[in-house]
Amino acid sequence: MKFKCDKIKGAYSIFLTALFIVLTSFITGDKKDASPLMQYSISMADPSTHLLHVTLDCTGFKGDTIDFKMPQWMPGYYQIMNYSRVVNNFSAYSMKGNPVAFFKEGNNIWRVIPGKNTALRISYDVFSDRRFVANNYLDTTHCYIVPAATFIYINDLTDIPVSLKIIPYNGWKDIATGLDRIPGKNNEFTAPDFDILYDCPILIGNLEELPSFEIGGIKHRFMAYDPGNFDRNVFISSLERTIRAGIEIIGDIPYKEYIFIGIGPGAGGIEHLNNTTVSFNGSGLGKPGALVRMLKFLGHEYFHHYNVKRIRPYELGPFDYDRENRTNLLWVSEGLTVYYEYLIVKRAGLMSDDELLRSIEGNLNTIENDAGRQYQSLSQSSYETWDDGPFGNKPGGQDKSISYYEKGPLIGMILDFSIRNATENTKSLDDVMRFLYRHYYKKLQRGFTDAEFQQACQDVAGISLTREFEYVYTTKEIDYSTYLSYAGLKISDELNKNDGKRKFTLARQENMNPLQLSIFQSWSGN
Ligand SMILES: [Zn+2]
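In structure tokens, the structure reads:
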């Protein structure tokens, strides 16, 4: 072809240049001035190998080297997990399939040298054989994915959107997750940033969906792998009542849908913003006490979407996935959640006064027979949990540490009764939780410090609580009788000669004055 004049030739040349840039951009994945793009895909072609295969297509990164990192821990489980240890076959390619150089740096960093490539495809396998709520699991029956243990991030780039395509094993029809689905796409999901991606575990397989329920027009679902034999309707209606009692304390539902995800056999549960993953088997729920135990467990994980995910210590967000995120306040996040798990099941009318007192008694007997209480304060046990283990049982250190799961609920009760007593039962710890939710989560959009938490309690009580907070920051022996008497309760103890342990018992006083009676009744929801 010949050009008839230079003008046309020039215009055509500009057009061709533009077309070339567009095509080159497409082929290389280069999006000039575009924000970074992270597109994951995960498959499980041979579940018997326990290997998950992950690919990541990414563009928009900067620098001569790019550090891809695997988180060292997942929020909700405050232990270094070394997730990178089970990553195999890491490789990096250009979008044309040419290998790209990388080397390992430290235990959880893959340092990639992109050269002229503006887009990369990373791939690796994740060995997934541990049945635990904070670990991946894959076998021929189902798959459980912990995103923080699975999806690498680019250093300092955790606030960018992510997409995820899941390719389930042949014949697996269901995916349960709190992630948003991409409309019109099968098995494709998005998250606005890595905090949300890591907050949404994924269960894949042929799952059962239990009857759902709505509260305030918002749907609450329960999906599970092999949930066992039990009365679905009794279980779900009890769960609904528990959840309603939890919502009543804060008075706001901040998610657009909530899902309980039962991951099958294993241990534990972990809380998230709009979901929780729990080890679940309902087969024993007909046995005495089993339903109440299960409701306390599920109520605990549920209440966490307020207390720790939104009402949170300053240090717990935004997260640093590279190291311990230490705080003195896990006793508030975990201990008060244990306290509220009792109260919401009780206020839902699903346990008796006696069962409520036995629950608190359980914590009291554990802590008072733990020699560690003379060595480690409650705030220290929060800070040192990364060393002591999740329940304060560092090997060889059992006698020097305590668990905030045991002492935390007792301090919750002491603060609650102190506030109720000081305000003629017009205020309670519930008011503190509501204030923290509205002021720090909704208004300031941050966590609170140690001093701010104490101040919030004192402001609601209208008195100084210095004496009560000494039980948090020192190992001072707790004067239970005084605080229990505010609610018309009494404590007695005897020595068990067989095991040398002190056995404490809580009971109601015979004659309560009107304030004691009113505190006991509104506290217990009678
Ligand atoms: Zn918890």
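Anchor point for the sequence shown: position 493 equals 499 in our numbering, and the numbering is continuous, going up by one each time.
Note that beta-carbon positions come from the ideal geometry of N, C-alpha and C, so glycine has one too.
{"Asked": "Residues that DSSP places opposite P233 in a beta bridge", "Found": "Looking at the DSSP assignment, P233 forms no beta bridge with any residue, so it has no partner."}
{"Asked": "Beta-carbon proximity list for V152, same chain, < 7 Å, skipping 5 on both sides", "Found": "M80, A140, N141, N142, P207"}
{"Asked": "E412 Cβ short of 8 Å to ligand 1 heavy atom set", "Found": "no"}
{"Asked": "Nearest neighbour of S218, chosen from F74, N239, L209, P233 [CA to CA]", "Found": "N239"}
{"Asked": "Which listed residue (L370, H56, N193) has its alpha carbon closest to that of I420", "Found": "L370"}
{"Asked": "Near ligand 1: V314 beta-carbon under 8 Å from a heavy atom", "Found": "yes"}
{"Asked": "Enclosing beta strand (DSSP E) for Y264 [first to last residue]", "Found": "263-268"}
{"Asked": "Inter-stretch contact (C-beta, 8 Å, three-pair minimum) for the region 441-452 and the region 407-422", "Found": "no"}
{"Asked": "Backbone CA spacing between A296 and E215 [nearest angstrom]", "Found": "21 Å"}
{"Asked": "Separation of T333 from R117, as counted between CA atoms", "Found": "31 Å"}
{"Asked": "From N95, I72, N193, residue whose alpha carbon lies closest to that of L57", "Found": "N95"}
{"Asked": "Spatially closest choice to I255 from D162, A354, L209, by CA coordinates", "Found": "A354"}
{"Asked": "Burial state of R379, where buried means 16 or more other Cβ atoms lie within 10 Å", "Found": "buried"}
{"Asked": "Endpoints, beta strand (DSSP E) assigned at F219", "Found": "219-221"}
{"Asked": "E220 to L245 span [Cα, whole Å]", "Found": "12 Å"}
{"Asked": "Distance, P77 Cα to N88 Cα", "Found": "8 Å"}
{"Asked": "Straight-line Cα distance separating N235 from K302", "Found": "20 Å"}
{"Asked": "beta-carbon H278 near ligand 1 non-hydrogen atom, thresh 8 Å", "Found": "no"}
{"Asked": "T343 Cβ short of 8 Å to ligand 1 heavy atom set", "Found": "yes"}
{"Asked": "Integer-rounded CB distance, given that I366 should sit under 8 Å from P427", "Found": "For the sequence presented, residue 427 should be read as Asn rather than Pro. In fact, because the Cβ distance is near 17 Å, the residues do not count as touching under 8 Å."}
{"Asked": "Between the CA atoms of T55 and K37 - distance to the nearest angstrom", "Found": "Caution is warranted here: a pLDDT of 39 is assigned to K37, below 50, making its placement in the model unreliable, and the coordinate value is therefore given only provisionally. One C-alpha to the other measures close to 38 Å."}
{"Asked": "Residue environment, E474, which counts as buried when at least 16 other CB atoms sit within 10 Å", "Found": "buried"}
{"Asked": "Identity of the residue in H59, Y348, G82, Y99 nearest V93 by Cα", "Found": "H59"}
{"Asked": "Straight-line gap, L144 to Y150 (C-alpha atoms, nearest Å)", "Found": "6 Å"}
{"Asked": "DSSP beta-bridge partners of P319", "Found": "F454"}
{"Asked": "Coil, strand or helix - M419 by DSSP", "Found": "helix"}
{"Asked": "Nonlocal neighbours in the same chain, by C-beta distance under 6 Å from L170, ignoring five residues either side", "Found": "Y46, F195"}
{"Asked": "Residue burial classification, E347 (beta-carbon count within 10 angstroms, cutoff 16)", "Found": "buried"}
{"Asked": "F157, enclosing beta strand (DSSP E) - first and last residue", "Found": "Counting along the chain, F157 falls outside any beta strand (DSSP E), and DSSP gives it neither H nor E."}
{"Asked": "Cβ-heavy atom distance, H56 to ligand 1, below 8 Å", "Found": "no"}
{"Asked": "Outcome for P105 when other beta-carbon atoms lying within 10 angstroms are tallied against a minimum of 16", "Found": "exposed"}
{"Asked": "Endpoints, the beta strand (DSSP E) within which G355 is located", "Found": "It is not in any beta strand (DSSP E) - G355 carries neither H nor E in the DSSP assignment."}
{"Asked": "Segments assigned beta strand (DSSP E), at least 3 residues, entirely inside the region 174-230", "Found": "180-183, 194-197, 208-211, 219-221, 224-230"}
{"Asked": "Endpoints, the beta strand (DSSP E) within which Q45 is located", "Found": "43-49"}
{"Asked": "Ligand 1 heavy atom lying under 8 Å from the CB of H311", "Found": "no"}
{"Asked": "With 16 other Cβ atoms within 10 Å as the buried cut-off, status of V28", "Found": "Note that V28 scores a pLDDT of 36, beneath 50, so its modelled location is shaky and nothing firm can be said."}
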